[in-house]
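Novice:
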Amino acid sequence: MSDSKSICPDCGTALDGGVFAGLCPACMMGGGGKMLLSGVTSTIVSKPGDLPGYTMSGVLGRGGMGSVYRAQQLDLERDVAVKVISEKGLDPEFAERFLREAKILAQLEHPNIPPIYELGTDEEGQLFYSMKVVKGRTLQAILTAIREGTEKNMPLERLLDLFRRVCDAVAFAHSRGIIHRDLKPENIMVGEFGEVLVMDWGLAKNLKDEREKLKPDADATPEDISSFSFDPLSFTMSGTVLGTPHYMSPEQAEGREVDERSDVYALGAVLYAILTLRPPVAGETLDEVLSKVKTGAILPLTIDLKHLGRARVPTALAAVALKALAKEKERRFANVSELAADIDAWRSGFATQAEHAGAWWLFWLFVKRHRTISLAALLVLLLSAGFMMKVIASERRATRESEAARQALAESRLSLAEAAFRQNDWSQMQAQLRLVPDDLRGTDWCYLMRRADMSLLLVEEHVTAAAPHPREAGVFALVAGGVLKLTHLREKRVLREFAGLFPRNSEVRALTFDKEGARIAVGGRKILLVLDAASGEVLQRLPTEDLSVELVFSLDGSLLMQRSAGMVFMWELPSGKLLWSQRFQPPEVPDQRGTALFHPDGARVLVGNGMLHEAEARTGKHLRALGEKSGRLTAAALNADGSLLFMITSRGEITCRELVSGRVIWSAREEWGQSTAMRLSVDGKRLFTLSQLETGLHTVRIRDAEDGWTLHTISGGIGMARSLALHPLTGELLSFQPTARLWDVSESPLRLEVPSATNCRDLEFFGSDDVILTGIEGNPAVIRQLDGRTLWKDENERLHRYSISADGKHAALMADNRAPGADYMLLEREKDTFREIVRLPLSDDKNHAQRGEPLLSPDGLLVLFWKPNKPVRLHDARSGRFITNLALDAEGPSVFSLVWRGSNDEIIGITGPRSNSPVSGQSQSLVVWNGRDGSVLRHVAVGGVDEMNVLAITKDGRRIAEAGLGKHVRIRDATTLAVEHVFRVHDDIITSLAWHPDGVRLATASDDLTMRLWDVASETPLREWQGFKKGPRCVRIGPGGTTIAIVDNNQRTQTVRVWDLTP
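In short: position in the sequence shown from 1, add 579, done, that's the working numbering.
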């Protein structure tokens, strides 16, 4: 440092160079002001050149780890904040601390903690990361303005609200095992719109990290205070003791072990500053400040302060602050939640834990909360026992009202979470769900929390490059922290690790396997290696000066294509000869987006950015340009034979076209964010696209590759991710760069997929798991084996509705209402032979079978015919003879669903008002009829606000499930009709239910275009099927429990699908 003098721009103090260069002692002892002084040399660069992918502008702030700049992220075209490590970053320990800060921020997904977007290095290998930019002021700036009289709009209540949100953020970090260790007003940002963010996590410590536990919080505790060095602006002490002296806990000042209560102390110091506009300790020198911190010499809070709107600091708040500032950790609040609860108690007019209120004080607080009681009345009532009864009743009423308000707030949190889910804002969704109290977290909360993050796991390291192993199931190669690892992600098991391949902090962006998985190509800035995948031995070290962003082997492994920002290089292997290099975009646009593909014939490549170009693989000769220039090309994919080309641009425009003719087959558009990556499934049926949202989240959408229809959107992509890797063997999808999450997008094996009859109404398994009765290829009633053989079909093509008896031996088939001269038919199965037992004409005569839904009894001897708003008739299944009508209310309620229970003994159904003439005051009921004479045995009101119209009963007849226009399933005891439990299963109307034969699992289908299999006892989803076009109907499980089937009821076509259900 220079010995020349300079002047503090805040207070005018003359400064000398020396150990505290860059700091004004007068300002620092006052606890505020600008600490970075003009004319003083800093180790932090004033403004770096533009970083990869960013255009840098002005400085936002400076801290102990580096400088924060405003910048524009080029590919997403948004303003961000970029933190660049200081020149100390050449020190490995300092760089490790910077990396730790970025990693910790990535783990803390909370609305009051800034989200990190990307971690990278500049051309010199210096670290940086980008994050959300917040326009506003620090809490320190606000307190300074209040002290100077220039801030009039910050009453105590508002300051306490800001403080509460800081407590929420710190409590959340503590729940993740992370302590901040540098909390102070300077590190609390208040945005223009009132948002509050806890900043500067550079000194944070992960208590759950065993490596951290082995590190002391100070290398030594020096006798001479001059051995400390200080960070400008925030004067965070670095070197031996970490933290800020005015807000540092005694154990931090002494270099002893710290825990969550150290942050409680710092929060107490922040609360003290809010109440008094100054830090809790004062001193002329740093030695004096640290000495007072160690001894607990806190200034009293009895001074008069006008900004509080009262003469003195409230006694209760003073007690809260002093309890948090206790010298001994054991005397402080045990955790941040206790501190926050005391703040809430004071704001609500209740006693705090810290003040140890007596009975009279509690009574006085009660009186203050009930100001409507006059003093005279109070004196009278105090002398009577009736007053005490009123007091108790009032408190109970207040408790009930408080509980009602608490429950209403929890409901609103769930509504906000669901709204955030619809907007793909999973971070906000999770934040709202975490605010719901533990005792109010019911079935909707559990369902939404699962939906908030459907990933299998979050990779804790920042992954800059990844590729699936083509021959080892579940294994991915990852580059994280400059180390290449082969990892079974789902099992969290590292198989092989290759260290020392790259210089420390190298930017490695590209990684790929050859077709056989024998070699790995990995590339970064000025690095391009070909490795033996088994041993990590370097086979080729190819000379390059560029930053590789994509690497691709040819199918025969003889060529390696390298794509950088705008340039493409073709290398011959194993010779390492560079065959050609070309620029496929203007040099003034060094954009890393684009694609590089080998055509399956091996003779051609597809490369480009703004436009896609076709070229000869070995010569680079340009053959033609493909597609229109409508936004920069982000990614592309070819199907297995190279006949179809899929492209996506930065604007989210997706096209599928014939490669030869260029004819567009379909086009679609991503509705959310900037598209950054694309992958095609191995069978070419599904297309995966990745988009980055402005909120710092990412979304993965799955489309039907045949027509572009959106099949599913994966939820829970929190953090920045730019790339996708799809495992060809397991169907696991990895989103990464840098935030890495693993998703299971595999599909259950299909046993059968055939077009259904356009007016197909039903689907049933007939006696075994491999025989179905449904409408197929224009015929509404066909019995087909899953191997494709047709065993029987209705030659008249008029039978549209059917029912199978529980014993699997009989089928009742009924014609559609519109079919003239149609019939009722009873079939009997003997092995693979199907015999017609009876065929009867339809008639309105009660002695004949009537049009409607047939429902066979378990033994196939009786059949019900029913439809909404009509009587339910019981007939003999073989003769069609009418037996009786089921007894219904005289007002004529409608029947919505029916099931048989037991051996022809009982019929259970949902009844309710007729849809065309609802009866005033009438609600739905669950009714049990005698299966012989149709009399009512018992009934209960269904209850709830959603109409129920779907029933299913277990094979043993012990439990029933009911659902309908809501999103929940209700499970009942079939004998008593008592509700066992209710749980949420879908996001839309439930269209069908089916019990597994084990009576433990339940299949559900919904208009949210999914089918799910649930473990009913734990209310846990076991399997999920997506990809339906309109609404799945008629979910059925085979009698042996090994297959599951459904009708996909699209507007134009209907498809019958059958899957294996075995594990």
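Where a beta carbon is used, it is the ideal one built from N, C-alpha and C, also for glycine.
1. Who are the Cβ neighbours of valine 892 in its own chain at under 6 Å, not counting the five residues just before and after it?
2. Among the residues of its own chain, which have a CB less than 7 Å from the CB of serine 1105, if the five just before and after it don't count?
3. Looking at the structure shown, is isoleucine 725 part of a helix, part of a strand, or coil, going by DSSP?
4. If you draw a straight line from the C-alpha of histidine 1389 to the C-alpha of aspartate 1567, how long is it?
5. What did DSSP end up calling glycine 847 once you bin it into helix, strand or coil?
6. Look up asparagine 785 in the DSSP assignment and give the residues it is bridged to.
7. So, for glycine 609: in the same chain, excluding its five sequence neighbours on each side, which residues have a beta-carbon less than 6 Å away from its beta-carbon?
8. Mind checking whether valine 569 and arginine 641 have CB atoms under 9 Å apart?
9. For threonine 1043 and isoleucine 1487, I'd like the C-alpha separation in whole angstroms.
10. What is the rounded straight-line gap between the Cα of threonine 1412 and the Cα of lysine 1372?
11. Are the stretch 720-727 and the stretch 745-753 in contact at 8 Å, needing three or more beta carbon pairs?
12. Counting along the chain, where does the alpha helix (DSSP H) carrying glutamine 1253 start and finish?
13. Would you mind giving the Cβ-Cβ distance between tyrosine 1381 and leucine 1405, rounded to the nearest angstrom? I have them listed as a contact below 8 Å.
14. Using a threshold of 9 Å, state whether the C-beta atoms of leucine 1308 and leucine 1321 are closer than that.
15. Per DSSP, what kind of secondary structure is glutamate 675 in: helix, strand or coil?
16. Let's see if you can read the secondary structure: which residues bound the beta strand (DSSP E) around glutamate 702?
17. Check whether the stretch 678-695 touches the stretch 1110-1118, counting contact only when three or more Cβ pairs, one atom from each stretch, lie closer than 8 Å.
18. Can you give me the C-alpha to C-alpha distance between aspartate 1018 and leucine 1118, rounded to a whole angstrom?
19. Nearest to glutamate 1076 by CA position, among Gly1060, Arg857 and Gly704, is which residue?
20. Using C-beta distances below 6 Å, list every residue in its chain close to leucine 1640, excluding the 5 sequence neighbours before and after it, in chain order.
21. Just grab the DSSP bridge partners of asparagine 1628 for me.
22. Short check: CB of serine 1229 to CB of arginine 1172, under 9 Å?
23. For serine 1335 and phenylalanine 1344, I'd like the C-alpha separation in whole angstroms.
24. The beta strand (DSSP E) with proline 1047 in it runs from where to where?
25. Does the structure place the stretch 1175-1193 close enough to the stretch 1217-1236 that three or more beta carbon pairs sit under 8 Å?
26. Identify every residue that forms a DSSP beta bridge with valine 663.
27. Closest to leucine 630 by C-alpha separation, out of Gln1009, Gly1241, Gly704 and Ala924, would be which residue?
28. I'd like to check one pair, proline 1437 with alanine 1385: are the Cβ atoms closer than 9 Å?
29. Using alpha carbons as the reference points, say which of Met827, Gly1387, Ser1143 and Val1614 lies closest to glycine 632.
30. Decide if leucine 821 is buried, meaning its Cβ has at least 16 other Cβ atoms within 10 Å, or exposed.
31. Just verifying my parser: in three-state terms, what is the DSSP assignment at methionine 733?
32. Identify whether valine 1058 lies in helix, strand or coil by the three-state DSSP scheme.
33. Tell me whether lysine 682 sits in a helix, a strand or coil according to DSSP, three-state version.
34. Please classify histidine 1560: is it buried, with 16 or more other beta-carbons within 10 angstroms of its beta-carbon, or exposed?
35. In the structure shown, what three-state DSSP assignment does serine 1314 receive?
36. Is the stretch 1284-1294 in contact with the stretch 1256-1264, if contact means three or more CB pairs nearer than 8 Å?
Specialist: Taking the geometry as given:
1. Leu854 and Leu880
2. The question names serine, but residue 1105 in the sequence shown is lysine. Thr1123 and Glu1124, listed in sequence order.
3. helix
4. 34 Å
5. helix
6. Ile757
7. Residue confidence is low: glycine 609 scores 41 on pLDDT, short of 50, so the model does not pin down where it sits. Its coordinate-derived value is still stated next. Counting only Cβ-Cβ distances below 6 Å, and skipping sequence neighbours, we find nothing.
8. Only positions 580 to 1642 of the chain appear in the structure, and residue 569 is not among them; the question remains open.
9. 59 Å
10. 12 Å
11. no
12. Premise fails: glutamine 1253 lies in the beta strand (DSSP E), 1253-1259, not in any alpha helix (DSSP H).
13. Between leucine 1405 and tyrosine 1381 the Cβ distance is about 10 Å, and since that is not below 8 Å, they are no contact.
14. no
15. helix
16. First-last for glutamate 702: undefined, no H or E at that position.
17. no
18. 60 Å
19. Gly1060
20. Thr1621, Thr1622 and Ile1623
21. Gln1633
22. yes
23. 15 Å
24. 1042-1047
25. yes
26. Ser646 and Phe707
27. Gly704
28. yes
29. Ser1143
30. Per-residue confidence for leucine 821 stands at a pLDDT of 48, beneath the threshold of 50, marking its modelled position as unreliable; the derived number appears in the next sentence. The residue in question, leucine 821, is buried, as its Cβ has 16 or more Cβ neighbours within 10 Å.
31. coil
32. strand
33. helix
34. exposed
35. strand
36. yes
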